[in-house]
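Using this note's numbering, read the sequence shown as starting at 6 and increasing by one per residue.
We put the beta carbon where it would ideally sit given N, CA and C, even for glycine.
Keep in mind it's a predicted model, so treat the numbers as computed, not measured.
Below you'll find the structure, written out as structure tokens, and then a few comments.
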Amino acid sequence: QSGTRESGIAAVNNVLMADGLTIDGFVMADGSGLDRTNRVTCRLLMEILGSDNGFGDIGNGLSVLGKVGTLRDVLMDSPAAGRMYAKTGTLTDVKTLSGFTRYTDTLAAHFTLLLNGKGVSNQGVYRPIWAALASALASVSDTPSAAQIAP
């Protein structure tokens, strides 16, 4: 069975479960990520991102808003440019952005945004949402007052 799609899917599931991650709602039909029956939850992505402080292998391997990779030419004038490290995902009617926003040399917050529905992969639809997210994350203080974080 080694080298088959089934063994690969089983291996991924085993690693996720061994790491204590929540796999409810996770469906892996293939390894490409392009199968329309694949499913992942924001919770699982946040748990995976939470295993890295934003400066480890995951954080350092991501594109940088307005600077590097697939986000190089995206929102270059955003206050989060150079501080938001993220992975994009695109299918017809699906657009995702997940990663970290760095606040200091040792402090970062992780985020994930999964958009799906008719037309969301259109730049005119998802870019304003990404811009609002980037602006909101960039405006967070690394030393918030109690009033800023109180319910």
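Does DSSP put residue i in a helix, a strand or coil?
i: residue 69; result: strand
i: residue 89; result: strand
i: residue 94; result: strand
i: residue 44; result: strand
i: residue 27; result: coil
i: residue 12; result: helix
i: residue 131; result: helix
i: residue 18; result: helix
i: residue 138; result: helix
To which residues of the same chain is residue i closer than 7 Å at the C-beta, ignoring the five residues directly before and after it?
i: residue 109; result: 147
i: residue 30; result: 44 and 46
i: residue 131; result: 100, 120 and 125
Quick one: residues in its chain with C-beta nearer than 6 Å to the C-beta of residue i, no 5 flanking neighbours on either side, listed in chain order?
i: residue 117; result: 47, 50, 51 and 103
Given a threshold of 16 other Cβ atoms within 10 Å of its Cβ, counted over all protein chains shown, does residue i qualify as buried or as exposed?
i: residue 123; result: exposed
i: residue 41; result: exposed
i: residue 79; result: buried
i: residue 150; result: exposed
i: residue 22; result: exposed
i: residue 139; result: buried
i: residue 112; result: exposed
i: residue 45; result: buried
i: residue 16; result: exposed
i: residue 106; result: buried
Got a sec? Which residues, its chain only, sit under 8 Å from residue i by beta carbon, not counting five neighbours each side?
i: residue 13; result: 36
i: residue 83; result: 70, 71, 89, 136, 139, 140 and 143
To which residues does DSSP link residue i through a beta bridge?
i: residue 103; result: 92 and 117
i: residue 32; result: 44
Just checking my contact of residue i with residue j at CB under 8 Å: how many whole Å lie between their CB atoms?
i: residue 68; j: residue 92; result: 7 Å
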